[in-house]
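The structure appears below as structure tokens.
Chains as they are written, first to last, in our numbering: chain A, 4 to 664; chain B, 7 to 741.
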């Protein structure tokens with residue numbers, strides 16, 4: 004398999020299950036991204052990868068070279084302007100993906116409240132708490148009535164035309180809200196901010212990189228605190244807020260004697276309906292009639308993470324493994340919706356029994372079978388899709404499932420789970436987390452999020468995670484990064500053995516893994532909520548920027564990752580990426596990586612090697628600790644009666660006759 | 007390694023809930039769902055369940071929902087691999103444990119009515135006291151509130167050796183803690199029995215409380231803490247988080263476990279962590295050191311017996327300021343309630359056996375040699391057992407800030423200060439004082455001079471701001487004692503005259519009292535010369551002295567300002583102060599009225615006054631009266647109406663002493679409105695009450711006040727009042 008490795012621009016494939024599958028005879032005709040990189044035989048375009056190729060009008064395309072007077076755009080656009088515009092458009096594209104996803108969820112939520120879907124409002128407590136954020140009256144009202152009003156307000160956030168900030172911004176720490184207000188980056192409408200990016204980056208509009216980046220921030224915040232957060236929260240209310248549960252990941256979760264249906268993409272509405280349909284007796288009977296023992300649903304990419312978090316349904320593959328999953332020959336259908344689906348999957352299945360079933364009118368592909376997922380007949384659509392898959396079972400030929408390639412994961416670490424697991428129903432809080440960060444047992448929190456990418460080693464996430472936990476930094480993970488960490492067992496409580504002594508002690512106290520799986524990529528909004536909860540718990544400063552916390556998307560691939568990265572930075576949380584398409588512009592790149600600090604209290608960082616990414620994260624966390632003054636040995640305060648009297652709670656220090664006069 | 011602990015706790019919780027549910031099923035069958043269940047004499051139902059869930063368990067049938075709640079709380083057992091996070095679930099399991107144990111104990115009260123004594127001290131055949139009723143709870147609660155008891159140690163099991171057990175108990179006493187004792191250890195022994203076997207006096211009076219013989223009695227300790235938060239902290243039933251945090255911040259309690267730790271003990275320990283109460287064990291069990299739910303560590307283990315008390319208070323984050331008094335006996339508030347019984351008695355002074363007198367007078371600075379303690383007459387070593395002596399204790403003090411007004415306050419300290427000495431019992435005051443010396447003290451080398459050492463040391467410590475020099479002269483010769491008696495009688499006479507003349511009109515400044523604020527953050531007392539604090543412990547002079555000693559302390563002067571209504575006791579200055587202090591919650595207080603803006607209460611009142619609408623009169627019930635009152639409520643229920651910092655017209659906390667003040671219920675008709683008192687209270691204040699009756703020209707009024715002997719319902723009392731022609735019947739309708 005030498006051809007799959009050591010090609011230029013392509014890192015070694017190290018994932019054991021991928022290698023095992025591709026070594027098999029049945030996989031010999033499967034061309035994967037690794038093969039295509041080699042076949043392309045060329046390096047990535049320099050202008051494209053440094054952000055200085057402008058295609059925004061028909062005078063060009065213009066390739067810009069910073070510092071070379073003659074190499075500005077035909078219109079005169081400088082490298083900084085072009086790179087900032089390209090960056091902004093990447094953010095907008097990523098945000099639009101989350102926005103469109105979220106809109107579907109909100110609409111599904113409204114339909115559920117109206118009783119038009121097979122789903123129901125599951126988490127009433129969360130419904131009530133979110134209703135409070137949106138000023139929706141809950142007292143004495145039916146859950147569906149509340150949900151309907153909440154859903155309609157939520158939907159209005161997408162197309163809002165007023166200049167009022169998005170409602171959920173008020174969930175952020177007060178100081179952060181002030182920063183946004185002062186910078187003028189409070190997002191107004193989810194869709195509007197994308198439109199405004201597109202307009203401002205149109206030929207001849209905004210030509211000042213800092214001003215362009217203000218809109219990038221605004222657009223990204225509309226994603227993080229707007230659409231992504233709405234999606235996560237409403238999905239939780241509708242499908243249940245994730246609680247800790249055991250599950251499995253990797254290709255070994257496919258079953259030889261069952262109809263294997265993988266769900267790939269991002270929106271849980273389809274997947275949840277498939278889950279319901281797969282339990283349907285009629286469907287199971289049909290599968291049995293075809294000679295299978297039953298229906299085995301498994302996830303791929305972030306749809307996988309959604310149902311993994313809420314139902315414990317296994318994840319067969321992350322983004323990078325979608326082709327390998329098909330190469331097993333054991334999948335009857337890969338049901339896809341939107342985002343991160345390689346066009347190659349259709350090509351791969353051309354000569355296989357597997358169907359690629361596209362379900363969303365937005366996303367079709369050659370060699371795919373289109374069975375639309377109808378929201379108003381969710382269960383019916385799901386059954387039609389499953390039937391198609393089941394009927395393929397008999398056609399399955401030789402297959403290879405790497406049976407031993409599956410590992411346990413502990414998932415379900417929503418903000419609510421973290422809160423609960425640290426103190427139970429009566430004492431739930433972030434106090435133990437903050438406390439142990441303050442006393443140094445936990446040095447800080449590192450988020451490892453984002454995609455897989457052939458550009459860097461498969462092990463990037465693992466190297467970083469191991470280095471962080473060894474240095475007593477608690478890791479939270481989402482998306483395909485979380486799947487990668489799960490594949491090597493880092494998402495189990497037993498992984499505490501890889502931790503430094505003090506983090507291990509905390510993990511053992513709580514019984515938690517050192518890597519907390521927080522869900523899909525849209526669930527990065529959970530991290531925003533968790534960071535805010537840490538600020539509000541007290542003792543770690545009064546803004547997200549004060550926290551000893553930092554994120555990375557070391558193998559980022561999709562534009563959504565840039566949108567996410569930028570909403571973190573704009574929210575005061577630093578991020579480290581392996582590269583950024585902005586290096587062709589000196590001032591703009593410096594702005595992102597240095598000068599944003601003055602305005603936002605956070606910047607983008609770039610480090611190529613996973614171990615360097617980890618070191619940068621550790622460094623950043625330690626410097627935040629230093630700034631907080633928590634690196635000093637904390638003193639044990641022993642309270643006497645007088646100190647207890649001074650605890651307050653209506654003390655009388657400001658009244659009575661004592662005082663100067 | 008806390009996986010072991012949480013696994014065991016969750017396992018234990020399952021066992022306990024199963025066991026309790028079994029006993030519930032049996033009780034349901036035996037007694038039926040409507041059978042009443044309760045802990046003795048309390049208004050807090052099953053207090054943990056009441057405080058956490060707001061649910062009142064009054065009948066067996068009420069337990070059904072609570073068991074359902076237990077089942078919801080009980081997590082699955084911790085698996086060997088890929089376990090779910092267990093910290094939160096273990097705490098929930100601990101909570102379910104307490105709910106189940108409370109119900110289990112409540113059923114036990116039905117099944118075995120004599121299981122517990124329900125007294126303050128053990129009886130001859132039973133050392134297990136059971137749950138503190140509200141009388142004991144409120145009496146002891148005051149000590150938590152005023153800081154003389156910072157918290158409690160809940161002990162499970164015992165060290166093997168009774169000497170070591172006694173030493174640990176003594177050390178805890180010396181830290182002023184209450185010691186709540188539960189269950190036998192793996193060695194088959196209980197610490198309560200160990201102490202008794204070693205002749206240590208146990209009971210509420212020595213703070214060594216044998217709660218129960220099984221681990222389930224741990225709920226009596228935790229329930230006590232829950233009640234403190236509700237009664238003094240104004241925490242509403244059902245406000246679980248507030249109650250738990252209140253206790254974490256203010257009640258310095260911990261679990262101390264001796265010997266092997268069973269699953270059931272772990273379950274109880276996990277429950278206690280919810281309240282911020284950590285566990286300290288002498289056994290080799292895993293530790294849980296990361297902080298967060300408790301203030302510091304959660305479980306500390308393998309602690310040697312000679313370090314365990316020190317370690318425990320350090321882990322709990324408690325500082326106990328204990329002044330070292332250089333005497334051979336132990337010394338501290340925990341010994342205040344200790345009794346010297348006939349068999350323990352070595353000799354005694356005063357109390358009618360011999361002449362006894364104690365007095366404190368102030369002198370000029372140069373007349374006193376600070377620290378000088380003299381004894382004239384025979385000491386303990388000079389006499390035989392049973393040979394009683396007369397005693398005269400003359401304490402002379404001087405200080406730049408000393409005023410003669412402070413003399414009685416300082417003198418009043420003698421009682422508890424001498425009682426603080428282990429092996430000594432002090433009763434009464436002035437010329438009716440009585441000292442009993444026990445064998446224990448004599449064996450340790452007691453000398454009368456040690457009383458001087460104590461008085462000198464403690465007066466300096468507590469009143470250093472007003473006095474600079476203290477000297478103590480002790481006499482045990484009759485002739486010298488007589489001399490002291492003469493001085494004392496003269497001083498008493500002058501003092502009483504001065505105090506008697508002091509009225510609310512004669513003083514421009516009243517005092518606030520927020521001594522309870524560590525436990526009752528929302529309440530403010532106003533103390534006037536004619537209205538002593540409702541706890542009965544602090545009068546106007548105390549307030550004045552306290553302010554002098556600590557100008558930023560709990561007693562602040564309030565310029566009373568213009569009196570806008572003499573009958574009501576409305577003062578502009580008082581209203582401004584209370585309004586501000588309560589953040590507007592209480593805009594005005596009428597000092598002399600029960601019906602109009604009555605004073606709020608923290609919960610540690612000696613008695614409660616309540617209007618009886620049919621009788622058109624006021625009843626007053628003291629804390630110690632356990633029976634029913636004509637209001638249809640017992641003291642404990644009334645306390646719920648009057649406490650918590652809220653004004654409820656018609657209900658008010660009062661001190662017993664206030665009954666004989668000229669200002670009592672002035673706005674509502676004064677003393678003549680009082681129509682019912684428990685006999686116990688009436689007897690206690692009889693002398694002064696009769697005197698007041700004479701002063702108002704109605705000596706027959708004393709007999710018009712009904713007691714429970716005349717009845718416990720309004721109808722019975724009304725009939726009695728009519729028969730006697732009680733003046734309240736003629737008064738303007740109060741309601």
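All C-beta atoms in this analysis are idealised placements derived from N, C-alpha and C, irrespective of residue type, glycine included.
Using the DSSP secondary-structure output, state which residues sit across from residue i in a beta bridge.
i                      : result
residue 682 of chain B : B/625 and B/712
residue 358 of chain A : A/336
residue 475 of chain B : B/404
residue 184 of chain B : B/158
residue 275 of chain A : DSSP, once it has assigned bridges, lists no residue as partnering residue 275 of chain A.
residue 517 of chain B : B/533 and B/563
residue 286 of chain B : B/262 and B/306
Quick one: residues in its chain with C-beta nearer than 6 Å to the C-beta of residue i, no 5 flanking neighbours on either side, listed in chain order?
i                      : result
residue 33 of chain B  : 66 and 113
residue 107 of chain B : 222 and 225
residue 657 of chain A : Reliability fails at residue 657 of chain A, whose pLDDT of 32 lies under 50, so the model's placement of it is uncertain and no value is given.
residue 425 of chain B : 342 and 432
residue 585 of chain B : 593
In angstroms with no decimal places, state the Cα-to-Cα distance between residue i and residue j.
i                      : j                      : result
residue 552 of chain A : residue 572 of chain A : 12 Å
residue 492 of chain B : residue 361 of chain B : 12 Å
residue 604 of chain A : residue 469 of chain A : 27 Å
residue 455 of chain A : residue 102 of chain A : 22 Å
residue 186 of chain B : residue 393 of chain B : 37 Å
residue 159 of chain A : residue 526 of chain A : 21 Å
residue 177 of chain B : residue 380 of chain B : 31 Å
residue 696 of chain B : residue 683 of chain B : 14 Å
residue 663 of chain A : residue 574 of chain B : Reliability fails at residue 663 of chain A, whose pLDDT of 25 lies under 50, so the model's placement of it is uncertain and the value that follows must be treated cautiously. Taking the straight line from one Cα to the other gives about 33 Å.
residue 629 of chain A : residue 406 of chain B : 51 Å
residue 496 of chain A : residue 246 of chain B : 30 Å
Skipping 5 residues on each side, what residues in its chain have a beta carbon closer than 7 Å to that of residue i?
i                      : result
residue 326 of chain B : 156, 181, 182 and 319
residue 1 of chain A   : Summary: the structure shown does not reach residue 1 of chain A, with chain A confined to residues 4 through 664, and so no result is reported for it.
residue 603 of chain B : 594, 595, 596 and 653
residue 351 of chain B : 442 and 444
residue 617 of chain B : 600, 601, 624, 656, 740 and 741
Suppose the cutoff is 8 Å on Cβ atoms and the five residues either side in sequence are ignored; what does the same chain contact list for residue i look like?
i                      : result
residue 466 of chain B : 473 and 476
residue 4 of chain A   : Any reading at residue 4 of chain A is ruled out, since the residue's pLDDT is 34, under 50, leaving its predicted position unreliable.
residue 377 of chain A : 383 and 384
residue 69 of chain A  : 55, 81, 82, 83, 587, 588 and 589
Could you round the C-beta distance between residue i and residue j to whole angstroms and report it? I think they count as a contact, below 8 Å.
i                      : j                      : result
residue 648 of chain B : residue 607 of chain B : 5 Å
residue 23 of chain B  : residue 80 of chain B  : 6 Å
residue 710 of chain B : residue 631 of chain B : At roughly 20 Å, the Cβ-Cβ gap does not stay under 8 Å, so residue 710 of chain B and residue 631 of chain B are not in contact.
residue 163 of chain B : residue 263 of chain B : 6 Å
Give me the chain A residues within the contact set of residue i, using Cβ-Cβ distance strictly less than 9 Å, ordered along the chain.
i                      : result
residue 670 of chain B : Simply none; closest approach about 26 Å.
residue 507 of chain B : Under the 9 Å cutoff, chain A gives no residues; its nearest Cβ is about 25 Å from residue 507 of chain B.
Note down, in chain order, every chain B residue with its Cβ under 8 Å from the Cβ of residue i.
i                      : result
residue 522 of chain A : Those within 8 Å of residue 522 of chain A in chain B number zero; the least Cβ separation is about 16 Å.
So which residues on chain A does residue i lean against when the C-beta distance must stay under 7 Å?
i                      : result
residue 325 of chain B : 641, 642 and 643
residue 98 of chain B  : 427 and 428
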